[in-house]
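J.: Residue numbers (our numbering): 4 to 452.
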């Protein structure tokens, strides 16, 4: 049985640690909350400027503020329930805003704490350094061999900074990440409740999940970078996971880059058709700027659709229509000019060779990443890593496909975007085969006498 005094001491110690944890968590909340609120204010200002400059609008300032709040909530992955149906779309260009804000907040929070830890070096280090100096001087006066010994100065890169760096514990890193995620998610939920109206009701569960996911991604990167632990955390990942994951990221980046390049080519080729549809809408000067902004934040979604199109699986352009290289887009599309970039006819036979550039580029990036990471591995070892990296690339492509799709209302735009399951299967097969082919060819070239 524990002594009563010892039990009370342990309880007091636990309460002290809990109080310190709560204080550190509370101190970390205001910064991320202010940064998230700044993003909301920026979106609201843009909407208010457009509303004030549009002389044809009969809506009031309250309606304009609700529209700005709805756009900001859409950037966090919130589903809006309208009288004509749900709005389930995540503009990937606008979704970068909460990720960047969370990364910036996490970086500033971690950098401030790391700087404070360095400036508040523990007194124990100073006392130990003083004692060591006195003992060392006494030894040098008594031992002739140590007379010329000069101790190294404890500068910024000495014991103080080393001790400060060692105090960066995983618990502190996790606490900062949770603080950023909690602050931004709480603010999103508050705005979700305040912006609810009969015309547009945000779904709280989708708002909380979307805000937590996006802010968690940004906060993790920002906090680790603020503590100078981003590279350390990556190196701590086991090699069997780190190598294929890096290869999968490289392959996904190459695939998205090819999709974005194809989208840019389509924009140049069909610029006249897109501008003609925009002129037919007669949006006016302010409305034209708003229409351009909406299409701009949707371009990353279309780049993901282009990736799925290049992989052969295509994407949905309505509840019953799937656009693939062997089919064409429907004529009943929403009045959004950028949607006129969708193919209006099946591809000819020679164009399939152009589509093969996407998986070949992804497979090449995957093979080069694996070869650079494990240069001394055998051919079968590299092939195994390449196939595992292709699986990681497929999962990432499926995630992007799921994020880029959605639906608006119950009519022609009720379902659009790639099917994640088919995108995963196509990416795993095509990128895996391309990566294995590039790896094998590189090995044959290396072995040639």
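Glycine included, C-beta positions come from ideal geometry on N, C-alpha and C.
(1) Does the segment 431-444 come close enough to the segment 358-373 to have 3 or more Cβ pairs within less than 8 Å?
(2) With a threshold of 6 Å on Cβ separation, who are the neighbours of residue 3 within its own chain once the five nearest residues in sequence on each side are excluded?
(3) With residue 88 as the anchor, note down where its beta strand (DSSP E) starts and where it stops.
(4) Among 328, 268, 248, which residue has its Cα nearest to the Cα of residue 398?
(5) Is DSSP giving residue 374 helix, strand or coil here?
(6) Rounded to a whole number of angstroms, what is the C-alpha to C-alpha distance between residue 103 and residue 421?
(7) Just to confirm the assignment, what range does the beta strand (DSSP E) spanning residue 84 have?
(8) Along the chain, where does the alpha helix (DSSP H) containing residue 40 start, and where does it finish?
(9) Are at least three pairs of beta-carbons, each pair with one atom in the segment 342-349 and one in the segment 326-333, less than 8 Å apart?
(10) Can you tell me whether residue 414 is buried or exposed? The criterion is at least 16 other CB atoms within 10 Å of its CB, across all chains shown.
(11) Output the distance between the C-alpha atoms of residue 194 and residue 274, rounded to the nearest integer angstrom.
(12) Nearest CA to the CA of residue 31: which residue from 380, 91, 186?
(13) Can you give me the Cβ contacts of residue 311 inside the same chain, cut-off strictly under 7 Å, excluding the 5 residues immediately before and after it?
(14) Around the C-beta of residue 180, are 16 or more other C-beta atoms found within 10 angstroms, so that it is buried, or is it exposed?
(15) Of the residues 79, 78, 73, which one's Cα is nearest the Cα of residue 85?
(16) Can you tell me the Cα-Cα spacing of residue 165 and residue 113, whole angstroms?
(17) Do residue 91 and residue 409 have their C-beta atoms closer together than 8 Å?
(18) Assign residue 39 to buried or exposed, taking buried as 16 or more other Cβ atoms, counted over all protein chains shown, within 10 Å of its Cβ.
(19) Of the choices 107, 192, 222, 52, whose alpha-carbon is the least far from that of residue 82?
(20) Rounding to the nearest angstrom, what Cα-Cα distance links residue 369 and residue 338 in this structure?
(21) Between the Cα of residue 445 and the Cα atoms of 382, 387, 402, 418, which residue gives the shortest distance?
(22) How big is the Cα-Cα spacing for residue 210 and residue 450?
(23) May I ask which residues mark the beginning and end of the alpha helix (DSSP H) holding residue 251?
(24) Return the residue from the list 392, 71, 401, 64 that minimises the CA-CA distance to residue 50.
(25) Rounded to whole angstroms, what is the Cα-Cα separation between residue 196 and residue 80?
(26) Determine the direct distance from the alpha carbon of residue 272 to that of residue 256, and round the result to whole angstroms.
(27) Beta carbon of residue 176, beta carbon of residue 232: below 8 Å?
(28) Tell me which residue opens and which closes the alpha helix (DSSP H) that residue 221 is part of.
(29) Does residue 447 pass the burial test, meaning 16 or more other C-beta atoms within 10 Å, or should it be called exposed?
(30) Measuring CA to CA, which of 212, 424, 202 is closest to residue 190?
(31) Should residue 215 and residue 184 be called a contact, given that it needs their Cβ atoms to be closer than 8 Å?
(32) Rounded to the nearest angstrom, how far is the Cβ of residue 182 from that of residue 35, given a contact under 8 Å?
(33) Could you tell me the distance, in whole angstroms, from the CA atom of residue 76 to the CA atom of residue 205?
(34) Give me the Cα-Cα distance between residue 203 and residue 107, rounded to the nearest whole angstrom.
(35) Do residue 222 and residue 105 have their C-beta atoms closer together than 8 Å?
(36) Give the secondary structure of residue 200 by DSSP, where H, G and I count as helix, E and B as strand, and everything else as coil.
T.: The answer reads as follows:
(1) yes
(2) Given a span of 4 to 452 for the chain in the structure shown, any question on residue 3 remains unanswerable.
(3) 88-92
(4) 248
(5) helix
(6) 26 Å
(7) 83-85 is the extent of the beta strand (DSSP E) around residue 84.
(8) 33-56
(9) Yes, the segment 342-349 touches the segment 326-333.
(10) exposed
(11) 38 Å
(12) 186
(13) Excluding positions up to five away in sequence, the list reads 317, 318, 404, 421, 426.
(14) buried
(15) 73
(16) The pLDDT assigned to residue 165 is 47, lower than 50, so where the model puts this residue is not dependable, and the model offers no usable value.
(17) yes
(18) buried
(19) 192
(20) 39 Å
(21) It is 382.
(22) 56 Å
(23) 242-272
(24) 71
(25) 15 Å
(26) 24 Å
(27) Yes, they are a contact pair.
(28) 207-229
(29) Exposed, because fewer than 16 other Cβ atoms sit within 10 Å of the Cβ of residue 447.
(30) 212
(31) yes
(32) For residue 182 against residue 35, the beta-carbon gap comes to about 7 Å, under 8 Å, which counts as contact.
(33) 8 Å
(34) 31 Å
(35) yes
(36) strand
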